[in-house]
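Scroll down for the structure; my scribbles are underneath it.
There are 2 protein chains.
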Amino acid sequence: MFAGCADHTPLPVRVGDKWTAKILVCLRDGPRRFSELRVPLAPITPKVLTGPLRAVERDGLVTRTARPGIPPRVEYALTPRGRSLFAPLAVACAWNAAHGAELRAVRAANGGR
Amino acid sequence: MFAGCADHTPLPVRVGDKWTAKILVCLRDGPRRFSELRVPLAPITPKVLTGPLRAVERDGLVTRTARPGIPPRVEYALTPRGRSLFAPLAVACAWNAAHGAELRAVRAANGGR
DNA sequence: CAGTATCCGAAACGATACTG
DNA sequence: CAGTATCGTTTCGGATACTG
Chain A
1 MFAGCADHTP LPVRVGDKWT AKILVCLRDG PRRFSELRVP LAPITPKVLT
51 GPLRAVERDG LVTRTARPGI PPRVEYALTP RGRSLFAPLA VACAWNAAHG
101 AELRAVRAAN GGR
Chain B
1001 MFAGCADHTP LPVRVGDKWT AKILVCLRDG PRRFSELRVP LAPITPKVLT
1051 GPLRAVERDG LVTRTARPGI PPRVEYALTP RGRSLFAPLA VACAWNAAHG
1101 AELRAVRAAN GGR
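In order, the protein sequences belong to chains A and B. Take the first sequence: its letter number 105 is residue 105 in the numbering used here, and every next letter is one higher. Take the second sequence: its letter number 27 is residue 1027 in the numbering used here, and every next letter is one higher.
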């Protein structure tokens, strides 16, 4: 049905969840450290951030680089594959720009559950 | 961050879940009845199908038309707004065709949790 | 036929606290 | 700083059974 997709989701990677896409966007302009990611994603907790971060790392969308020393310093950076996801993401945002407001109006009118 | 989006998801509508996008695809070639949807979506249960179906109806992506009579006959059909979602969906599928296999290989190598 | 009613389990999200 | 450990809540998906 969705050629090439795992059969249980339309999208191949975990970008439909609450945080993953935002994480990728935060890394768009360069590597960021764990705590640097927490700022734009506030009020995300460390535990919640860790989940999707491990997932994108496992999927080769982001690299994790730990530099030894005190204090510890860990940098997250997009891979080319991670960067390639911005294309579908941009199209989703374009749909939003075109239809989002209207959709939310209809949803509210129908009882925005 | 995602212009025009609800703040809790990158995508505006519920297409990141397991069934919604598949439902839209099933309606692509014309209206379908409840039971007709269950066939390509097997082994979905009626209760599970009802959830996303009510959501897309509430969001104006699909219309629900009940014809009186015995047996009951209910038809679901895409609206123009629902149809417009195929554009972003197609781009997601294209990403899959280009990167999906590689991604699943990496994921499996890293312990496909 | 087109659903609804119950009950269940898994996963995501979240608050709070603690550690190398 | 960069996490992990616990605990609790909510949501999704699913199995089974029942109804207008």
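Even glycine gets a Cβ: it sits at the ideal position worked out from N, Cα and C.
In the displayed model, B:Ala1066 falls within a strand according to three-state DSSP.
In summary, the residues of the segment 1068-1088 of chain B whose CB is separated from some CB of chain A by less than 9 Å are Arg1081, Ser1084, Leu1085, Ala1087, Pro1088, in the order they occur in the chain. For the segment 1041-1068 of chain B, residues whose beta-carbon sits nearer than 7 Å to a beta-carbon of chain A comprise Arg1058, Asp1059, Gly1060. At a Cβ-Cβ threshold of 7 Å, A:Val56 and A:Ala66 do not count as neighbours. Remark: C-beta atoms of B:Val1062 and B:Gly1082 approach each other more closely than 7 Å. In the DSSP secondary-structure assignment, B:Leu1078 is bridged to B:Val1062. The alpha helix (DSSP H) runs lying completely inside the segment 13-56 of chain A and spanning 4 residues or more are 20-26, 34-38, given in chain order. Bridge partners of B:Arg1083 according to DSSP: none are assigned.
At least one CB of chain B lies nearer than 7 Å to the CB of A:Leu103.
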